[in-house]
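All remarks here apply to the structure that follows.
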Amino acid sequence: MAAFIPITVYLNHKPMVVASIADAEMALQQPWPLMEKPSRLEAIRMIEECLAGHCSHQAAFAAFKAAASEQGLLKRKRPSAGLKKFDGVAEDLI
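All you need for my numbering is the position in the sequence shown, starting with 1, plus 491.
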């Protein structure tokens, strides 16, 4: 099963790292704020299609990420110290 850059979703105020289709399937089985939201139901369908071999891993993961984002389950992390330094260097070059 394809692995992706991990994303963290917050379900019931608890972080859950999602880096594969199997992780996304487990996350979709948890209680979401709006269980019947069309984007969540579409993500479930896409994951099922992916597991059946009828849909790409990338498309299914993108549907999951879109559903999580729409329900406010993704939180942006602050940039690391190294990334902040890199941003500073990049600004100096411009």
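Don't be surprised by glycine CBs; every beta carbon is placed ideally from N, CA and C.
Exercise for review: With DSSP as the reference, label L565 as helix, strand or coil.
Suggested key: Correct three-state label for L565: strand.
Practice item. Output the boundary residues of the alpha helix (DSSP H) element that contains P529. Key: First-last of the alpha helix (DSSP H) with P529: 529-542.
Review point. Should the segment 534-544 be regarded as contacting the segment 499-508, the criterion being three or more beta carbon pairs within less than 8 Å?
Key: When Cβ pairs closer than 8 Å are counted between the two stretches, the segment 534-544 is seen not to touch the segment 499-508, the count staying below three.
**Study point:** Assigned secondary structure, M507 (DSSP; H/G/I helix, E/B strand, else coil)
**Key:** Collapsing the DSSP output to three states places M507 in a strand.
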